[in-house]
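This report refers to the structure that appears directly beneath it.
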Amino acid sequence: MEPPDFEAMNFTVEQVSSTYPLCEEWREGAEGAVFHLANIFLVFGFMGGSGFYGLLYLFTFLTLGFFCTTVWAWADPCTTDSFLWSFALFGVTLGQVLHVAYRLRSVSFDTDFQELYQCMFQKLGVSLSLFGKIVSCCDGVVHTLEANHCFAVEGKTAIDKLSVLLSGRVQVTVNGEFLHYIYPFQFLDSPEWDSLRPAEEGIFQVTLRADNPCRYVAWRRKKLYLLFAKHRYIAKIFALVVRNDIAEKLYSLNDRALNRSGFRYDLRLPSYCHMPATELEKAGVLQAPVQGGRTA
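Just so you know, we're using the UniProt record's numbering here: the sequence shown kicks off at 1 and counts up by one.
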C-alpha cells in the first residue's frame, strides 16, 4: 500500500503558538529604569556595616533591591525563573528586616544607660547586645549620692565595686589635700580597681566627696569578674576604658603639681620640672613631693 500524497491532498499544518514565547535573540535596547534601580539598591545594601543598625541598613536596601527585581521580572514574560527567585529573596530579606527591627526595639535602655553607651562604649564598637549584658550585670540600677556625702572614705571604705559617674561632680582628696575632680562618664574608682587582683582585697587611699547631687552606676567586683570569665571581649573593653581613665587622671594631677618656684612638676619624671605655671594654676596648687619626705 502506497503512502498518501499529502501535497496532493493540500493539507496544511498550522504551527501551534507557544504559551511562553521563546527568547532567541539579545535585546537591542537597555533594560528599564526599575532594573537599574534594583541594582543601585543592592549596591547600597552591600555597603552596610555591622551591629544592629548596620544589619537594619543592609537588609532594608536588599529588600528594596529584590522588590525592584521582582517587579522587573514580573513585567518580562521571559524571566519566570528570575521572578520566582527575586520574589523568594525579597521575602527572606523582608523577614530579616522585621526580625532585626524587633531585636533592636527589644534591646532598649533607660536614658542614663543610653548616654553611657554613646559616651563610652559605642565608639569602641560594643554592640547593643553585649552592652545589655553589661547593664544586666549591674541590675540596671542607678545610684544617687547627695551633696557633701562621701562615696568613699580614706582608709575605711572597702574596694568592692567599679563605678562610673553619670551626673554631678566628685572631689578627690588625700589627707585633706585636694587632688582632682571626677566628671560625668569618668570612673570613680578606676585606680583602686586596677591596683587589685581579682582575689585581693583593699581599701581606698583617698576620699571621694560629692560637690553636688550625683548619680552613678556600680558593678560589684565578683559579678563583673564572672562576666569577664564568660565574655573575654567585655574584659578587654573594660581594661581599655579603665586604664584610659587612669591615664587621664594622672595627666590632670600632672597639670596641678607645682613647686615653690612656680614650675609644673612632671609626675612621670620625678626629678624634672618644666613649664612655668600661670597665676590661675597657682591658686589651686598641689605641692609635689621630693626625696627626703619634704615637699617642693
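Beta carbons: idealized from backbone N, C-alpha and C, even for Gly.
Tell me, to the nearest whole angstrom, how far the beta carbon of residue i is from that of residue j; I am working on the premise that it is less than 8 Å.
i    : j    : result
L188 : L165 : 6 Å
I234 : L227 : 6 Å
S167 : R215 : 5 Å
Q203 : K156 : The sequence as given places Ile at residue 203; Gln does not occur at that position. Their Cβ separation, rounded to whole angstroms, is 7 Å, which keeps I203 and K156 in contact under 8 Å.
W72  : G32  : 7 Å
Here's the rule: buried if 16 or more other CB atoms are within 10 angstroms of the residue's CB, otherwise exposed. What is residue i?
i           : result
D245        : buried
V153        : exposed
M47         : exposed
L116        : buried
E192        : buried
Y183        : exposed
L124        : exposed
residue 299 : This structure cannot settle anything about residue 299, because the visible part of the chain is limited to 1 through 296.
L55         : buried
S129        : exposed
S195        : exposed
P138        : This sequence places Cys at residue 138; Pro is not what is there. Burial call: buried.
T80         : exposed
S136        : exposed
Considering only DSSP beta bridges, list what residue i is partnered with.
i    : result
I182 : V170
S143 : Looking at the sequence itself, residue 143 is His, so the reference to Ser does not match. For H143, which the question treats as bridged, DSSP gives the partners Y216.
K156 : Partner(s): none; K156 has no beta bridge.
E177 : V174
Do you know how far the Cα of residue j is from the Cα of residue i?
i    : j    : result
F87  : D76  : 14 Å
S252 : F52  : 37 Å
F59  : N39  : 14 Å
T69  : F35  : 6 Å
F44  : V97  : 15 Å
A218 : H143 : 8 Å
V242 : F83  : 55 Å
E146 : A247 : 28 Å
K161 : Q186 : 14 Å
S108 : S163 : 21 Å
K222 : T93  : 42 Å
N212 : N175 : 21 Å
Check the Cβ-Cβ distances between residue i and every residue of chain B, and say whether any is below 9 Å.
i    : result
S127 : Annotation note: the requested chain B is absent from the structure, which comprises a single protein chain.
Whole alpha helix (DSSP H) elements within the segment 38-79, 4-residue minimum:
Positions of the alpha helix (DSSP H) runs, each at least 4 residues long and wholly inside the segment 38-79, are given as 51-75 in order along the chain.
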